[in-house]
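K.L.:
The structure that follows is given in the form of structure tokens.
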Amino acid sequence: MTTLRTAVGVSDPWSETTVNGVRLAFSDEGSGAAPALVCLHAIGHGGGDFDRLRARWRARRRVLTLDWPGQGRSGPDHEPSSAARYETLLAAFLDVVGVERVVLVGNSIGGATALRYAAHVPERVAGLVVENPGGLDRNDDPIARVVLAMMARFFAAGARGAAWFPAAFALYYRSVLPNRAAAAQRRKIVAAGRELAPVLLDAWRSFAAPDADTRALAAQVRCPVLVAWATRDRFVQLRRARAAIATLPNARLVTFRAGHAPHLETPDAFEAQLHRFFVDIDAAAGERARLAATAAG
Numbered sequence: 508m509t510t511l512r513t514a515v516g517v518s519d520p521w522s523e524t525t526v527n528g529v530r531l532a533f534s535d536e537g538s539g540a541a542p543a544l545v546c547l548h549a550i551g552h553g554g555g556d557f558d559r560l561r562a563r564w565r566a567r568r569r570v571l572t573l574d575w576p577g578q579g580r581s582g583p584d585h586e587p588s589s590a591a592r593y594e595t596l597l598a599a600f601l602d603v604v605g606v607e608r609v610v611l612v613g614n615s616i617g618g619a620t621a622l623r624y625a626a627h628v629p630e631r632v633a634g635l636v637v638e639n640p641g642g643l644d645r646n647d648d649p650i651a652r653v654v655l656a657m658m659a660r661f662f663a664a665g666a667r668g669a670a671w672f673p674a675a676f677a678l679y680y681r682s683v684l685p686n687r688a689a690a691a692q693r694r695k696i697v698a699a700g701r702e703l704a705p706v707l708l709d710a711w712r713s714f715a716a717p718d719a720d721t722r723a724l725a726a727q728v729r730c731p732v733l734v735a736w737a738t739r740d741r742f743v744q745l746r747r748a749r750a751a752i753a754t755l756p757n758a759r760l761v762t763f764r765a766g767h768a769p770h771l772e773t774p775d776a777f778e779a780q781l782h783r784f785f786v787d788i789d790a791a792a793g794e795r796a797r798l799a800a801t802a803a804g
């Protein structure tokens with residue numbers, strides 16, 4: 508069934524598969540050098556967020572994007588949305604599509620999912636690019652509790668069909684994605700606001716749960732990490748996450764003048780940093796192969 512949220516999701520050509528009882532829509536293009544590039548979107552968004560990145564990179568390596576459950580073209584989930592749930596789905600999805608080693612690019616809840624997966628399955632992650640990931644700041648202080656409760660009430664009203672919600676959601680999204688480069692995708696997200704409210708409600712409730720705090724996991728991530736931070740973010744603030752970022756053993760922080768999604772809002776600057784990141788990863792892999800060959804010889 509075509510819904511307004513499908514416009515936000517993965518674009519043609521796309522496929523679908525069933526993972527843990529959930530129908531997931533995804534794109535899978537390119538066949539270049541390993542590791543594959545796998546892109547994970549923010550809550551309420553879709554794989555269409557990465558259309559430009561997908562077009563630029565598919566000539567160089569395998570690129571996959573997917574729609575989280577209840578978003579884009581994917582079917583609903585039988586469990587509430589959360590980074591922990593998405594990590595489970597991601598692990599099963601990568602097995603189904605036959606991806607052994609990845610560089611994960613994740614925005615917001617996608618970034619939290621990527622960080623969790625990299626900490627728990629380090630042998631399969633060659634690199635991590637996280638954009639304003641949730642979970643790197645405290646969610647149990649008074650300010651955080653108030654904000655999380657307020658946003659949960661906001662999306663609960665949307666899920667109930669409150670008449671004022673569409674206009675309020677449009678205003679809210681002007682602060683989430685303020686840059687002109689993201690305007691087209693922002694309009695699609697805003698148009699689908701009522702449909703997306705239930706998964707947004709689930710996600711914002713999950714952000715208050717103890718297991719949403721990924722600060723302890725950060726120190727377990729051993730792969731190279733590019734932390735791409737949109738500094739105009741009013742909710743996922745860099746100043747609250749700096750301490751956790753500092754515990755990442757092999758990370759580089761780059762800031763962007765954007766609201767929440769550097770790859771959408773400042774695409775040229777983001778892609779330049781992504782290119783540099785891949786150059787470093789590929790060079791390190793080449794050096795490891797050279798040393799292994801020398802040792803074997």
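Take 508 as the starting number for the sequence shown in the numbering used here and just add one per residue.
Cβ coordinates follow ideal geometry from the N, Cα and C atoms, glycine included.
State whether the stretch 653-666 contacts the stretch 628-643, with contact taken as three or more CB pairs (one from each stretch) at a distance under 8 Å.
P.N.:
The stretch 653-666 is not in contact with the stretch 628-643.
K.L.:
Please say whether residue 511 and residue 702 have beta carbons closer to each other than 8 Å?
P.N.:
Going by C-beta atoms, residue 702 is nearer than 8 Å to residue 511.
K.L.:
In angstroms with no decimal places, state the Cα-to-Cα distance between residue 782 and residue 573.
P.N.:
Their Cα atoms are separated by approximately 21 Å.
K.L.:
Under 7 Å Cβ to Cβ from residue 621, same chain only, skipping five residues before and after it: list those, please.
P.N.:
Once the five neighbours on either side are set aside, the close Cβ partners of residue 621 are 547, 611, 613, 635, 637.
K.L.:
Roughly how many angstroms lie between the CA atoms of residue 551 and residue 570, to the nearest whole one?
P.N.:
Whole-angstrom Cα-Cα distance: 21 Å.
K.L.:
From the DSSP output, in three-state form, read off residue 771 for me.
P.N.:
DSSP places residue 771 in helix when its eight states are reduced to three.
K.L.:
Could you tell me which of 651, 761, 695 sits nearest to residue 735, measuring between CA atoms?
P.N.:
Residue 761 is the option with its Cα nearest to residue 735.
K.L.:
Going by the DSSP bridge assignment, what does residue 535 pair with across the sheet?
P.N.:
Paired residues: 571.
K.L.:
Take residue 539 and list the residues in its own chain whose beta-carbon comes closer than 6 Å to its own, dropping the five residues that flank it on each side.
P.N.:
Around residue 539: 567, 568.
K.L.:
Counting Cβ pairs, one atom from each stretch, are 3 or more of them under 8 Å apart for the stretch 686-694 and the stretch 726-735?
P.N.:
With the cut-off at 8 Å, the stretch 686-694 and the stretch 726-735 do not touch.
K.L.:
Which ranges does the beta strand (DSSP E) cover as unbroken runs of at least 3 residues, wholly within the stretch 613-699, from first to last along the chain?
P.N.:
Taking only runs of at least 3 residues, the beta strand (DSSP E) segments lying wholly in the stretch 613-699 are 632-638.
K.L.:
Among the candidates 710, 559, 616, 721, whose CA atom is the shortest distance from the CA of residue 518?
P.N.:
Residue 559 is the option with its Cα nearest to residue 518.
K.L.:
Ignore the nearest five residues each way along the sequence and tell me which others in residue 608's own chain have a CB closer than 8 Å to its CB.
P.N.:
541, 542, 543, 631, 632, 633, listed in sequence order.
K.L.:
Would you mind reading off the limits of the alpha helix (DSSP H) that contains residue 603?
P.N.:
First-last of the alpha helix (DSSP H) with residue 603: 590-603.
K.L.:
Looking at residue 561 and residue 534, is the spacing between their C-beta atoms short of 8 Å?
P.N.:
It is a contact, given that the beta carbons lie within the stated cut-off.
K.L.:
Would you identify the three-state DSSP class for residue 517, choosing helix, strand or coil?
P.N.:
In this structure, residue 517 counts as coil in the three-state DSSP scheme.
K.L.:
Between the alpha carbons of residue 740 and residue 537, how many angstroms are there, rounded?
P.N.:
Going from the Cα of residue 740 to the Cα of residue 537 covers about 33 Å.
K.L.:
Should the stretch 714-729 be regarded as contacting the stretch 740-758, the criterion being three or more beta carbon pairs within less than 8 Å?
P.N.:
Counting Cβ pairs under 8 Å, three or more are found: they touch.
K.L.:
Would you mind reading off the limits of the beta strand (DSSP E) that contains residue 758?
P.N.:
Element bounds for residue 758: 758-763.
K.L.:
If you count every other CB in all the chains shown that lies within 10 Å of the CB of residue 709, and 16 or more means buried, which is it?
P.N.:
Residue 709 is buried by the Cβ-count criterion.
K.L.:
Based on Cα-Cα distance, which residue from 696, 657, 654 lies nearest to residue 674?
P.N.:
For residue 674, the nearest C-alpha among the options comes from 696.
K.L.:
DSSP three-state label for residue 805, please.
P.N.:
A query on residue 805 cannot be resolved here, the shown segment of the chain reaching from 508 to 804 and no further.
K.L.:
Check the C-beta distance from residue 642 over to residue 556 and give it rounded, since I have them as a contact under 8 Å.
P.N.:
About 20 Å separates the two Cβ atoms, so there is no contact after all.
K.L.:
Taking the runs of the beta strand (DSSP E) that are 3 residues or longer, which of them lie wholly in the stretch 709-744?
P.N.:
As far as the stretch 709-744 is concerned, its whole beta strand (DSSP E) runs of at least 3 residues are 732-737.
K.L.:
Give a yes or no on whether the C-beta atoms belonging to residue 584 and residue 529 are separated by under 8 Å.
P.N.:
Their beta carbons are under 8 Å apart, which means residue 584 touches residue 529 by this criterion.
K.L.:
How close, in whole Å, do the beta carbons of residue 772 and residue 765 come, if the pair is a contact with beta carbons under 8 Å?
P.N.:
With 8 Å as the limit, residue 772 and residue 765 qualify as a contact, their Cβ atoms being about 4 Å apart.
K.L.:
For residue 650, does the count of other Cβ atoms within 10 angstroms reach 16, so buried, or fall short, so exposed?
P.N.:
Exposed is the call here.
K.L.:
Considering residue 544, what are the terminal residues of the beta strand (DSSP E) in which it resides?
P.N.:
543-547 is the extent of the beta strand (DSSP E) around residue 544.
K.L.:
Which residue's Cα is closest to the Cα of residue 623: 656, 661, 598?
P.N.:
When only C-alpha atoms are compared, the closest one is 598.
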